[in-house]
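Residue numbers (our numbering): -8 to 224. Positions of the beta carbon are idealized from the N, C-alpha and C atoms, including for glycine.
Right under this line is the structure:
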């Protein structure tokens, strides 16, 4: 492929055509064709990057493997260009994130099952979290609640409807020989919001997972000495 110079170009030989007009023409071509093409290619390249949605990412241990994989580049090693993780506050919020166009989402299986039954275009492809051992119920240090039998008439905090914390709250009441109607289940909106609600006295106890439970229970983090698990005495 040859290079056409200003001297050789037929357009440049037209009467009245100057070097400045030539430069103007080149700039117009760049503005109308080259630059838009560059922008389009940039958009297409960005579109190949994927985001995934992980329930309670950054607050619960279930999100840790995904954080490690993102930091270490394991997704890319497996051919998945995951560049970001969208966090949610559990329950239906995680399902909505999973339906927002992301390549993969992790959420409460109960919430996903209900969404599928209601016609959501979702499919379960993996079973990731097989334990709730990290989950804890927190009360204030000076709380009269000593055991789960003391939950009658209390306001129990959970994150969001159809979340693991809501299901566990009902199971805890059943374990104590109580019915769900024997206490009031209060939606806090998330683990962080639940800590605030507990501090303000809006709920007690409040269900917390891994990271936030450890911080508030004295195993690290500010304010850790202000809460305890029922039964700790």
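Close Cβ partners of residue i (< 7 angstroms) along its chain, the five nearest in sequence each way excluded
| i | result |
| --- | --- |
| residue 171 | 161, 164 |
| residue 134 | 195 |
| residue 101 | 153, 158 |
| residue 106 | 86, 113 |
| residue 167 | 139, 140, 142 |
| residue 169 | 142, 143 |
| residue 108 | none |
| residue 187 | none |
Residues of its chain near residue i, where Cβ-Cβ distance is below 8 angstroms and the 5 sequence neighbours each way are ignored
| i | result |
| --- | --- |
| residue 48 | 54, 57, 58, 76, 77, 78, 79 |
| residue 173 | 142, 143, 144, 164 |
| residue 65 | 59 |
| residue 72 | 39, 40, 41, 66 |
| residue 91 | 44, 77 |
Neighbourhood of residue i by C-beta, 6 angstroms cutoff - its chain only, sequence neighbours within 5 removed
| i | result |
| --- | --- |
| residue 44 | 77, 88, 89, 93, 96 |
| residue 24 | With a pLDDT of only 48 at residue 24, under 50, the local geometry of the prediction cannot be trusted, and the value read off the model is given with reservation. Counting only Cβ-Cβ distances below 6 angstroms, and skipping sequence neighbours, we find nothing. |
| residue 130 | 136, 195, 196, 221 |
| residue 175 | 146 |
| residue 74 | 40 |
| residue 185 | 148, 179, 197 |
| residue 110 | none |
| residue 68 | none |
Rounded Cβ spacing between residue i and residue j (contact assumed at less than 8 angstroms)
| i | j | result |
| --- | --- | --- |
| residue 189 | residue 197 | 4 angstroms |
| residue 62 | residue 183 | The Cβ separation is near 22 angstroms, so there is no contact. |
| residue 115 | residue 103 | 6 angstroms |
Residues sharing a beta bridge with residue i, DSSP
| i | result |
| --- | --- |
| residue 67 | In DSSP, residue 67 forms no bridge with anything. |
| residue 225 | Lying before the first or after the last residue shown, residue 225 is absent from the chain, which here runs from -8 to 224. |
| residue 121 | Answer by DSSP bridge pairing: none, since residue 121 is not bridged. |
| residue 195 | The partner list for residue 195 (beta bridge, DSSP) is empty, contrary to what the question assumes. |
| residue 73 | 41 |
| residue 146 | 175 |
| residue 96 | 44 |
| residue 50 | Note: residue 50 sits in no beta bridge, so no partner. |
| residue 311 | Lying outside -8 to 224, the shown extent of the chain, residue 311 is not represented and no answer is given. |
Q. Counting pairs of Cβ atoms below 8 angstroms between the region 108 to 123 and the region 141 to 148, do you hit three or more?
A. no
(Q) Restricting to runs no shorter than 3 residues, where is the beta strand (DSSP E) found entirely within the region 153 to 184? (A) 175 to 178
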